[in-house]
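Step one of this worksheet: look at the structure below.
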Amino acid sequence: MSDLSPFSASRDEELGGLLRDALAPHHDAAFVTRVRARLTSQQNGWEEDLARWFWQGLAAASVAIAAVGYAMATSATPQQGEASVAIELLNGTRPGAEVILASFSVGR
Numbered sequence: 000m001s002d003l004s005p006f007s008a009s010r011d012e013e014l015g016g017l018l019r020d021a022l023a024p025h026h027d028a029a030f031v032t033r034v035r036a037r038l039t040s041q042q043n044g045w046e047e048d049l050a051r052w053f054w055q056g057l058a059a060a061s062v063a064i065a066a067v068g069y070a071m072a073t074s075a076t077p078q079q080g081e082a083s084v085a086i087e088l089l090n091g092t093r094p095g096a097e098v099i100l101a102s103f104s105v106g107r
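Structural data, given as structure tokens:
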């Protein structure tokens, strides 16, 4: 079957030499110089931008936490704080309070 294929598995020295010459970098120093110049002229990355905003974000988060804490502390009125189950049952304004009070007294 190998006689059907015009190609062989042996090395082609002529083609290999031509490919090496065509693909070899001829100006290594110029390429390295261009890459280094590009790296030094490049602007800041995203991590530097975020690092600049760190302290402003920390201050804003602190103010937000303080505002939420203040709002939670002052939103409860003394009347809301004193309300308990016993007061609600004895008050009689809630529907069904009589049924609950009656169920407590039946067992005695």
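For the sequence shown, position 29 matches number 28 in our numbering, and the numbering has no gaps at all.
We put the CB at the ideal spot given by N, CA and C, even for glycine.
Predicted model only: the values in this text are computed from it and were never measured.
- Beyond the five residues adjoining it in sequence on each side, Glu87 comes within less than 8 Å, by CB distance, of Arg93 and Ala96 in the same chain, given in chain order.
- Ala8 carries a coil assignment under DSSP once its states are collapsed to helix, strand and coil.
- DSSP places Arg19 within a helical segment (H, G or I) once states are collapsed to three.
- DSSP, reduced to helix, strand and coil, places Gly56 within a helical segment of the structure shown.
- Per DSSP, reduced to three states, the secondary structure at Arg35 is helical.
- Ile64 has its alpha-carbon roughly 14 Å from the corresponding atom of Thr73.
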